[in-house]
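Residue 905 in this note's numbering sits at position 94 of the sequence shown, with consecutive numbering throughout.
Structure first, commentary second.
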Amino acid sequence: MRAHRRGPKTQRMLRGVAKPRVLRAFASLRFVSGSRARPMNDPNILILVMLLVFLVPIGVAAVLALWALRPWLRATMAGTQLTVFEIIGMRLRRVDVDAVVAALVMARQSGVEIHQVDLQRAYLAGVDLETITLAWIAAERMKMDITFDQLVAMYQEKRLGELLDEGGGKS
Numbered sequence: 812m813r814a815h816r817r818g819p820k821t822q823r824m825l826r827g828v829a830k831p832r833v834l835r836a837f838a839s840l841r842f843v844s845g846s847r848a849r850p851m852n853d854p855n856i857l858i859l860v861m862l863l864v865f866l867v868p869i870g871v872a873a874v875l876a877l878w879a880l881r882p883w884l885r886a887t888m889a890g891t892q893l894t895v896f897e898i899i900g901m902r903l904r905r906v907d908v909d910a911v912v913a914a915l916v917m918a919r920q921s922g923v924e925i926h927q928v929d930l931q932r933a934y935l936a937g938v939d940l941e942t943i944t945l946a947w948i949a950a951e952r953m954k955m956d957i958t959f960d961q962l963v964a965m966y967q968e969k970r971l972g973e974l975l976d977e978g979g980g981k982s
């Protein structure tokens with residue numbers, strides 16, 4: 812099959828029309844035997860395609876690094892077990908990842924264990940994670956028989972300070 816050539820009338824019409832560089836590059840393609848194309852004559856298109864092929868993955872990696880790897884690195888360096896996928900899940904649930912990681916690190920450094928799922932649930936309930944983490948650490952040190960969910964409920968009822976004052980007086 813032969814390539815289609817423009818007639819003299821079409822060539823005269825297109826002669827005075829200014830074409831952008833991209834359109835000139837695409838106009839230089841001539842199709843032979845249906846789906847096969849000849850190589851492009853314009854090297855700028857090739858450079859543009861190569862830049863897109865290399866810069867898009869680098870951009871995605873940079874966004875991922877800022878979005879998920881920074882909190883993961885902070886949590887890992889502190890010794891907590893938090894995966895990148897858990898961080899992405901927190902971001903998708905609109906949980907403040909930095910507050911959760913800070914609470915996990917604080918609990919880990921004080922020797923108390925808190926699960927990140929409990930912290931996420933508390934955050935979504937509107938609880939200040941720093942306050943509840945400090946209360947959990949204090950309750951564990953005073954050996955109080957209380958669960959994390961009970962502390963969250965007491966925080967929401969504004970009775971958390973009373974509990975810690977009572978527990979501190981008994982020791």
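Heads up, the beta-carbon is just placed ideally off N, CA and C, and yes, glycines get one too.
Asked	Found
When you compare only the Cα positions, how much space is there between L893 and W883?	6 Å
Taking the continuous alpha helix (DSSP H) assigned at W752, which residues delimit it?	Residue 752 lies beyond the range of the chain shown here (812 to 982); nothing can be said about it.
Is E973 helix, strand or coil when you go by DSSP?	helix
Mapping DSSP to helix, strand and coil, what is D960?	helix
On the CB-based measure, 16 or more other CB atoms within 10 Å of its CB, does E988 come out buried or exposed?	Residue 988 is absent from the model: the chain starts at 812 and stops at 982.
Closer than 8 Å by C-beta to D909: which residues in its own chain qualify, once you throw out the five before and the five after it? Chain order, please.	P882
Would A933 and I943 be called neighbours here (beta carbons separated by less than 8 Å)?	yes
Check this for me: beta carbons of V916 and I948, under 8 Å apart or not?	no
Expressed to the nearest angstrom, what Euclidean distance is found between the alpha-carbon atoms of D956 and L974?	12 Å
Rounded to the nearest angstrom, what separates D929 and Q961 at their Cα positions?	11 Å
My assumption, with CB atoms under 8 Å, is that R983 sits in contact with Q931. Please give the rounded CB distance.	There is no way to answer for residue 983, as the model of the chain reaches only from 812 to 982.
Go ahead and pull the three-state DSSP assignment for R885.	helix
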